[in-house]
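Using our numbering, the first residue of the sequence shown is number 3, and each one after it goes up by one. No residue lacks a Cβ here, since even glycine has one placed at the ideal position from N, Cα and C. Please read all numbers here as calculations on a predicted model, not as lab measurements. The structure appears below as structure tokens.
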Amino acid sequence: DPLLQQKPLTAIEQLLQQWGLNREISNNLLSDLYVGDIVHKVDFVVDENGTEGAAATATYLKRSGGNVLFRADTPFLLLVRHDATKLPLFYGVINLPAPNFV
Numbered sequence: 003d004p005l006l007q008q009k010p011l012t013a014i015e016q017l018l019q020q021w022g023l024n025r026e027i028s029n030n031l032l033s034d035l036y037v038g039d040i041v042h043k044v045d046f047v048v049d050e051n052g053t054e055g056a057a058a059t060a061t062y063l064k065r066s067g068g069n070v071l072f073r074a075d076t077p078f079l080l081l082v083r084h085d086a087t088k089l090p091l092f093y094g095v096i097n098l099p100a101p102n103f104v
């Protein structure tokens with residue numbers, strides 16, 4: 003049994019706003035893409051064998067306007083880039099798309 007175990011999931015938008023980051027996480031007038039939710043998950047366990055810890059932060063981006071349906075039923079390349087600098091933030095190859103996944 004763990005001596006100490008923490009697994010909180012925290013929504014951090016309000017904390018960022020308290021730090022003065024309102025403009026950065028509110029709707030962007032130059033784009034229809036904006037930050038919807040930001041969550042932070044921590045998994046921390048201390049037991050007689052030692053200590054383990056992990057953390058992850060997820061940002062959910064939302065788009066104003068109509069929905070866009072993207073159907074990928076064949077292998078494809080994925081690229082997310084920063085519009086202002088055109089630099090890639092993330093890229094990958096999807097070799098086996100999940101069938102009927104929408």
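For L17, which three-state DSSP category applies?
Here residue 17 refers to the residue found at position 15 when the sequence shown is read from its first residue. Looking at L17 - three-state DSSP - the assignment turns out to be helix.
Which residues mark the beginning and the end of the beta strand (DSSP E) in which L6 is found?
Here residue 6 corresponds to residue number 4 of the sequence shown, with the count starting at 1. Where L6 is concerned, the enclosing beta strand (DSSP E) stretches over 6 to 8.
Alpha carbon to alpha carbon, how far is L63 from L98?
What you label residue 63 is simply residue 61 of the sequence shown in a count that begins at 1. What you label residue 98 is simply residue 96 of the sequence shown in a count that begins at 1. Roughly 25 Å separates the two Cα atoms.
Does DSSP put R83 in a helix, in a strand, or in coil?
Sequence index remark: in the sequence shown, residue 83 carries index 81 (1-based). Three-state DSSP puts R83 in a strand.
For R83, which residues of its own chain have a beta-carbon under 7 Å away from its beta-carbon, when the five flanking residues on both sides are left out?
In the sequence shown, counting from the first residue as 1, residue 83 sits at position 81. Hits under 7 Å: L89, P90, L91.
Specify, as a first and last residue, the run of the beta strand (DSSP E) that L91 falls within.
As a working note, residue 91 is residue 89 in the sequence shown. Residues 90 to 96.
Using DSSP bridges, identify the partner residues of E50.
Here the question's residue 50 lines up with position 48 in the sequence shown. Paired residues: none, contrary to the question.
For the candidate residues Q20, A58, I96, whose alpha-carbon lies nearest to that of R2?
No statement about residue 2 is possible, as the shown extent of the chain runs from 3 to 104 and does not include it.
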